[in-house]
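Peer 1: Taking the working numbering, I'd label the letters of the sequence shown as residues 7 to 804.
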Amino acid sequence: MEPIVEEHAAEQIIPEFDRLPSVTARHLSPAGLWAALLILAGVVLLRGPALQTDLLQFLPEGNDQQQRFLLDELQQGPASRLIIAALSGGEAEKLATTSNRMLDLLAAKGEFGRVLNGPFTATASAEPLFGYRYLLTDTAARLDSAGLHHALEERLEEITSQSSAFLVDNRNVSADPVAAGRELARNLRGGQQGPHLHHGVWFTPEGDKALLLITMADDTLDLDGQHAAVQRIRTAFEDSAESGQRLELTGPAVFAVESKRLISSETRRLSLLAGGGVLLLLLAVYRSAPVVILGVLPLATGLLAGAAAVTLSFGSLHGITLAFGFSLVGVAVDYPIHLFSYARETGTTASAARRLWPTLRLGVFTTALGYSALLFSGFSALSQLGVFAITGLLAAVATTRWVLPTLGPTLPSVTSHRAERLFAHMNGRAGWLPPLLLVVGVLTLAGSDTVWERDLSALSPLSEEGKQLDRRLRNAIGAPDVRHLLLIERGSTQDVLESAERLEEALEELVSDGALQGFELPSHYLPSIARQEARQQQLPEASKLKRWIEKATEDLPFRRGLFSPFANDVDASRSLPPLLPAMLDGSPLGERLQALLRTYEGQTVGLITLSGVKTPEAVAAFAVTTPGLTHLDLSVEAARLIGGYRDEALGLFAIGALIIVGVLFAALRRPGAVVRVMTPTAAAIVMSAALLVAGGTPLSLFHLSSLLLLLGIGLDYGLFYERLRTDAAERRATATALLVCNMTTVLVFGALAGSAVPVLKAIGATVAIGAPLSLIFTALMAHNSPSRDKVVTATSRR
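Now the structure itself:
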C-alpha cells in the first residue's frame with residue numbers, strides 16, 4: 007500500500023511554514039516572537055470596543071426592502087420600543103396605587119417616550135399640542151348648537167357624578183367642552199381603547215395584574231440604553247411597591263438585557279467547565295502539571311489571536327463568536343496532545359514536532375480551507391466565525407510547532423497499550439458500515455420535511471414561559487402584533503399620510519369582521535396637510551360659535567362666559583399653520599410618528615401596525631387588492647432571509663469541500679487514501695445532521711458552521727490514524743493521542759450542548775455527536791493488516 011504522507015509530497019502543495027520563522031530567528035527567538043504577538047493581540051482587545059451580546063447584531067443583512075424592513079423592525083420598529091410592566095400580588099386597589107406611583111416616577115424624569123397605565127387627557131398645561139386639538143381631531147363637525155348641547159350634557163353628567171376617569175379638573179370643561187383633548191389623547195395611544203380598567207388603571211382581563219405600557223426613547227434603543235431603562239423601571243417599582251407585590255417585565259428591550267446576562271454567564275460557565283474538564287483529563291493522561299500548563303498555551307494563543315483578528319476585521323467581537331472560539335479547544339488542544347504523546351514515546355518535543363509536522367500541517371491547512379468558505383458569506387456572523395477559526399487554528403498550530411519545543415518540557419515515560427488495543431480491535435472490522443450509514447443519513451435528510459430551521463426566534467435564549475408571558479401581556483394591553491405589518495408604498499410624507507387616511511375605513515371593516523383587534527396609522531398622530539386644512543375650514547367664525555354656545559347652554563346650569571376660553575381657542579385654530587412632522591421633533595407624538603414614517607432612499611414609507619391579528623389570510627388578501635399596500639409577514643420574511651443565507655452557505659461549503667478533496671488528492675496521491683480519510687468524515691457529518699433532525703432539532707446556519715468544524719476534526723483523525731501503520735512506539739503514541747483528542751472534544755462540546763443559548767447548544771450538540779462517530783468510522787474503515795503497509799513518515803528540514 008502507498009504511504010499516506012509521502013516524503014516531500016505535502017511540501018509541494020502546502021507552503022513551507024516551518025521555514026518562515028528561520029528568517030527572524032536570528033534576531034528573535036520563536037518564544038520571543040510569540041510573546042510579542044500575544045502582547046500586540048492583547049492591546050488590540052483592550053483598546054477595542056466592549057464585547058457585544060445583542061443577538062440582533064448577529065443577524066444577516068437584508069437583500070431587499072422586505073428583509074430590510076424585517077431587520078429594521080426587530081431593531082427599532084414600534085414593537086421593539088415597547089416594554090410592558092405587569093404588577094401582581096395583593097389587592098387590585100393596592101396594585102392600582104403602585105401603578106400610579108410608578109407612572110409618576112417614570113414620567114417625571116422624561117426618560118421614556120410614553121408611560122401609560124390607563125386613559126388620560128391632554129391638558130393645556132401638560133400637552134403642548136393641545137392648541138392644535140381641533141386640527142388633529144374630528145371635533146370640528148360637532149361645533150354646531152346641537153353638537154355643543156350634546157357635549158355639554160355629557161360634561162355636566164361627568165362633573166356631577168365625579169366618576170369620569172378622563173377629567174383632570176373642571177377647568178378642562180371651560181377650555182374643551184367637546185373633549186377634543188380626550189380624542190387627541192386617544193390618538194396618542196394609536197386609536198386603541200385600551201385594556202380593562204379597574205380603579206382607573208389598566209388590568210389584565212383576569213384582573214390579577216396591573217399593566218403599564220412604556221415606550222423607549224430614541225436614544226435608548228442600543229443595548230446599554232435598554233439595560234439602563236430596564237433598571238430604571240425596576241427601581242421605580244422598588245420605590246413604589248408594597249410588601250408582597252411582584253414585577254414582571256416583557257418586551258424586546260427586556261429580552262435583549264436577559265440575553266446579554268445569559269450569554270455572558272454562559273460564556274464564563276462553559277469556559278470554566280470545558281477548560282477545567284480538559285485540564286483534569288490531560289493531567290490524568292500525562293501526569294505532569296507543567297506539561298498540562300504548557301498544553302494550554304496553543305489554545306490560549308488561538309483564542310487571543312482569533313479575538314484580535316475579529317476585532318480588527320469587524321470593529322467588534324460578539325459574545326457568541328467568543329464562545330464559539332472557546333469551542334476551538336476541542337481542535338486546538340489536539341495539537342499539543344499529539345506532540346506530547348509522541349514525545350513521551352519517541353523522544354524530545356523538538357524531534358516529535360519535526361516528525362509530526364507534515365501530517366499536522368496538512369490537517370490544519372485543510373481545516374482552514376474549509377473555514378475559508380465562511381469568509382465569503384454575506385452573513386457577518388458566519389464571517390466572524392470563519393475569521394476567528396482560521397486565525398485561531400493557525401496561531402495554535404504555530405505555537406505547537408515552534409514555541410512548545412523551545413520550552414523543552416520533560417514528560418514522564420509512561421507506556422500504555424490500552425488505546426492501541428482498542429483501535430486494533432476495531433481496525434477494519436466493518437469497513438462497509440460508514441458508507442452504508444452515509445447513504446442512510448442522506449436518505450433520512452432527503453425524506454424529512456423539517457431539515458432546516460425557519461424560525462428566527464429560535465436564536466433567542468428566551469424561555470417558553472417568557473414567550474407565553476409576552477403573548478399574554480401583549481394581547482391584554484393591545485400592543486402591536488410583532489409578526490404582521492402593512493407597508494404603504496414609498497412617496498412623499500404627505501402622500502403617505504393621505505394614503506393612510508384613505509385606508510382607515512377599510513381597516514375598520516377588518517376590525518368589525520374580526521380579522522384583527524386594532525391598528526395604528528401614522529395619520530392617527532398627524533393628519534395630512536389636506537385634512538388639517540379641511541378641518542380648519544369647518545371651524546366656525548367666533549361670532550357664530552358664540553351664538554351656538556349661548557343656544558346650547560340655555561337649559562343647562564353653566565354660568566355665562568364660562569366657555570370664552572373655548573371660543574378663543576377655536577378662533578385661534580382658524581389661523582394656525584398646518585402641523586408638520588418637523589414641528590413634533592422631541593415630543594412623544596413625534597417619536598411615535600417617526601416610528602411609523604420611515605425614510606428609505608430619500609422617500610417615505612408608511613408602516614401600519616396591527617394588533618390581535620386573528621385572520622392573517624384576510625389581512626394579506628386586503629393588501630393584495632389595495633394598490634400601494636404590502637402585507638409583511640415578519641415570520642415568512644425571516645424564513646426567506648435565513649433560507650437565502652443558508653443556501654449561500656451550503657454552496658460555499660460545497661466549494662470548500664471540493665477544494666479540500668483536491669488538496670488531499672494532491673498531497674496523498676492515492677484515491678484509496680483519500681477515500682479512507684474522507685468517507686468516515688462525510689459519514690459522521692451526515693449522520694450527525696440526520697440524528698439531530700430525527701430527534702426533532704432542525705438545522706440552522708450555526709449547525710452548518712459546526713459541521714464545518716466537524717470536517718476539520720474528522721480530517722485530523724483520518725490523517726493521524728494512518729500513523730498507526732508505523733513502529734510500535736508510534737502506534738502507541740498516535741492511538742493515545744487520538745483517543746485523548748476525542749475525549750477532550752466530547753468534553754468541550756458536550757458542555758456547549760447543555761447551554762441555554764440555542765446557538766451554542768447547536769454547535770455543541772452537533773460536534774459532540776459527530777466527533778466520536780468520526781473516530782469510530784475511521785477505525786472501522788482502516789486496512790485489515792496495517793503492519794504490512796509501508797509508511798514513510800516525512801520529516802521537516804528546518
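Think of the CB as a built atom: it goes at the ideal place given N, C-alpha and C, for glycine as much as any other residue. What you are looking at is a predicted structure, and each value in this text was computed from that prediction instead of being measured.
1. Between T327, D575, L586 and G206, which has its C-alpha nearest A181's C-alpha?
2. Looking at the structure shown, is L786 part of a helix, part of a strand, or coil, going by DSSP?
3. Whole angstroms are fine: how far does the CA of N106 sit from the CA of G520?
4. Would Q538 be called buried (16 or more neighbouring beta carbons within 10 Å of its own) or exposed?
5. Would you identify the three-state DSSP class for Q609, choosing helix, strand or coil?
6. Does any heavy atom of the ligand COA sit closer than 7 Å to the C-beta of D591?
7. Kindly list the residues whose CB is nearer than 7 Å to the CB of M140, restricted to its own chain and excluding five residues on each side of it in sequence; keep chain order.
8. Along the chain, where does the alpha helix (DSSP H) containing V316 start, and where does it finish?
9. Could you check whether the segment 716 to 726 touches the segment 681 to 698, counting it as contact only if at least three pairs of C-beta atoms, one from each stretch, sit closer than 8 Å?
10. Along the chain, where does the alpha helix (DSSP H) that runs through E1 open and close?
11. Could you give the first and the last residue of the continuous alpha helix (DSSP H) run that contains F525?
12. Just verifying my parser: in three-state terms, what is the DSSP assignment at R652?
13. Can you have a look at D230 and say buried or exposed, based on whether 16 or more other CB atoms are within 10 angstroms of its CB?
14. Under 8 Å between the Cβ atoms of S1 and Q523?
15. Going by CA-CA distance only, name the one from E99, P258 and A313 that's closest to A247.
16. Would DSSP call T221 helix, strand or coil?
17. What distance in whole Å lies between the Cβ atoms of L288 and V298, which are believed to be in contact at a cut-off of 8 Å?
18. With DSSP as the reference, label R566 as helix, strand or coil.
19. Is the beta carbon of G376 less than 8 Å from the beta carbon of A311?
20. Determine which residues share a DSSP beta bridge with L203 and list them.
21. Which value, in whole angstroms, describes the spacing of the CA atoms of G453 and L710?
22. Where L562 and I165 are concerned, what is the direct C-alpha to C-alpha distance, given to the nearest angstrom?
23. Do the segment 733 to 751 and the segment 764 to 778 meet, that is, are 3 or more Cβ pairs less than 8 Å apart?
24. For T355 versus L345, is the C-beta distance shorter than 8 Å?
25. Keeping to the same chain, check which residues put their C-beta closer than 7 Å to that of G662; ignore five residues upstream and five downstream.
26. Beta-carbon within less than 7 Å of V207's beta-carbon, same chain only, minus the 5 sequence neighbours each way: which residues are those?
27. So L766 packs on E272, CB below 8 Å; how close in whole Å?
28. Would you mind stating whether L318 and V50 have Cβ atoms separated by less than 8 Å?
29. Using a Cβ-Cβ cutoff of less than 6 Å, which residues in the same chain neighbour F783 once the five nearest sequence positions on both sides are dropped?
30. Is the Cβ-Cβ distance between L190 and L135 less than 8 Å?
31. Ordered along the chain, which non-local residues of its own chain (more than five positions away) have a Cβ less than 8 Å from that of I45?
32. Is it the case that the Cβ atoms of L715 and L388 are separated by a distance below 8 Å?
33. Determine the contact status of L451 and A695, defining contact as a CB-CB distance below 8 Å.
34. Beta carbon of V699, beta carbon of T456: below 8 Å?
35. Taking the C-alpha atoms as reference points, what is the distance between R489 and L162?
36. In three-state DSSP terms, what is G472?
Peer 2: This is what the structure holds:
1. By 1-based counting over the sequence shown, the position of residue 181 is 175. A181 has its Cα closest to that of D575, out of T327, D575, L586 and G206.
2. Here residue 786 refers to the residue found at position 780 when the sequence shown is read from its first residue. Helix.
3. The residue you call residue 520 lines up with position 514 of the sequence shown. The residue you call residue 106 lines up with position 100 of the sequence shown. Between G520 and N106, the C-alpha separation is close to 33 Å.
4. For the purposes of this step, residue 538 is taken as the residue at position 532 of the sequence shown. That one is buried.
5. Counting from one through the sequence shown, the residue named residue 609 turns up at place 603. It is a strand residue.
6. As for the ligand COA, it is missing from this structure, which has no ligand bound.
7. Numbered from 1 along the sequence shown, position 134 holds the residue referred to as residue 140. The residue you asked about is not Met; residue 140 is Tyr in the sequence shown. A146, A186, R541, L545, V576 and S579, listed in sequence order.
8. Within the sequence shown, numbered from 1, the residue matching residue 316 stands at position 310. Looking at the DSSP string, the run of the alpha helix (DSSP H) that includes V316 is A295 to F320.
9. yes
10. Look at the range of the chain in this structure, 7 to 804, and you will see that residue 1 is not part of it.
11. Here residue 525 refers to the residue found at position 519 of the sequence shown. Element bounds for F525: not the alpha helix (DSSP H) but the beta strand (DSSP E), G524 to E526.
12. The sequence position of residue 652 within the sequence shown is 646, counting from 1. If DSSP states are grouped into helix, strand and coil, R652 belongs with the helices.
13. Taking the sequence shown and counting its residues from 1, one reaches residue 230 at position 224. Under this definition D230 is an exposed residue.
14. No information on residue 1 is available, as it lies outside the stretch 7 to 804 that the chain covers here.
15. The sequence position of residue 247 within the sequence shown is 241, counting from 1. The shortest C-alpha separation from A247 is found at E99.
16. The residue given as residue 221 occupies position 215 in the sequence shown. Strand, per DSSP.
17. Along the sequence shown, one-based indexing puts residue 298 at 292. Along the sequence shown, one-based indexing puts residue 288 at 282. That pair is a contact at about 5 Å.
18. Position 560 of the sequence shown, counting from 1, holds the residue named residue 566. Looking at R566 - three-state DSSP - the assignment turns out to be coil, as it is neither helix nor strand.
19. Counting from one through the sequence shown, the residue named residue 376 turns up at place 370. Counting from one through the sequence shown, the residue named residue 311 turns up at place 305. Taking 8 Å as the cut-off, the Cβ atoms of G376 and A311 do not count as close.
20. For the purposes of this step, residue 203 is taken as residue 197 along the sequence shown, with counting starting at 1. L203 pairs with W208.
21. Stepping through the sequence shown from its first residue, residue 453 is reached at position 447. Stepping through the sequence shown from its first residue, residue 710 is reached at position 704. As the crow flies, the alpha-carbon of G453 is around 19 Å from that of L710.
22. Start at 1 with the first residue of the sequence shown, and residue 562 comes out as number 556. Start at 1 with the first residue of the sequence shown, and residue 165 comes out as number 159. Distance from the CA of L562 to the CA of I165, rounded to the nearest whole angstrom, comes to 13 Å.
23. yes
24. Translated into positions along the sequence shown, residue 355 becomes position 349. Translated into positions along the sequence shown, residue 345 becomes position 339. Their beta carbons are under 8 Å apart, which means T355 touches L345 by this criterion.
25. Indexing the sequence shown from 1 puts residue 662 at position 656. Same-chain partners within the cutoff: L375, G376, S378 and A379.
26. The residue given as residue 207 occupies position 201 in the sequence shown. Here the set comprises A102, S105, N106, N123, G124 and A216.
27. Taking the sequence shown and counting its residues from 1, the one referred to as residue 766 is at position 760. Taking the sequence shown and counting its residues from 1, the one referred to as residue 272 is at position 266. 6 Å between Cβ atoms; contact.
28. Taking the first residue of the sequence shown as position 1, residue 318 is located at position 312. Taking the first residue of the sequence shown as position 1, residue 50 is located at position 44. The answer is yes: Cβ separation under 8 Å.
29. Translated into the one-based positions of the sequence shown, residue 783 becomes position 777. The answer, listed in chain order, is P440, P686, A689 and A690.
30. For the purposes of this step, residue 190 is identified with residue 184 of the sequence shown, where counting begins at 1. For the purposes of this step, residue 135 is identified with residue 129 of the sequence shown, where counting begins at 1. Yes, these two residues count as a Cβ contact at 8 Å.
31. Here the question's residue 45 lines up with position 39 in the sequence shown. Once the five neighbours on either side are set aside, I45 has no close Cβ partner at all.
32. Counted from its first residue, the sequence shown places residue 715 at position 709. Counted from its first residue, the sequence shown places residue 388 at position 382. No, the pair does not count as a contact, with Cβ atoms beyond the cut-off.
33. In the sequence shown, the residue the question calls residue 451 occupies position 445. In the sequence shown, the residue the question calls residue 695 occupies position 689. Closer than 8 Å, so yes.
34. As a position in the sequence shown, residue 699 is number 693, starting the count at 1. As a position in the sequence shown, residue 456 is number 450, starting the count at 1. Between V699 and T456, the C-beta spacing is below 8 Å.
35. Against the sequence shown, residue 489 aligns to sequence position 483. Against the sequence shown, residue 162 aligns to sequence position 156. So the two alpha carbons sit approximately 44 Å from each other.
36. On the sequence shown, residue 472 is found 466 positions in, with the first residue counted as 1. Helix.
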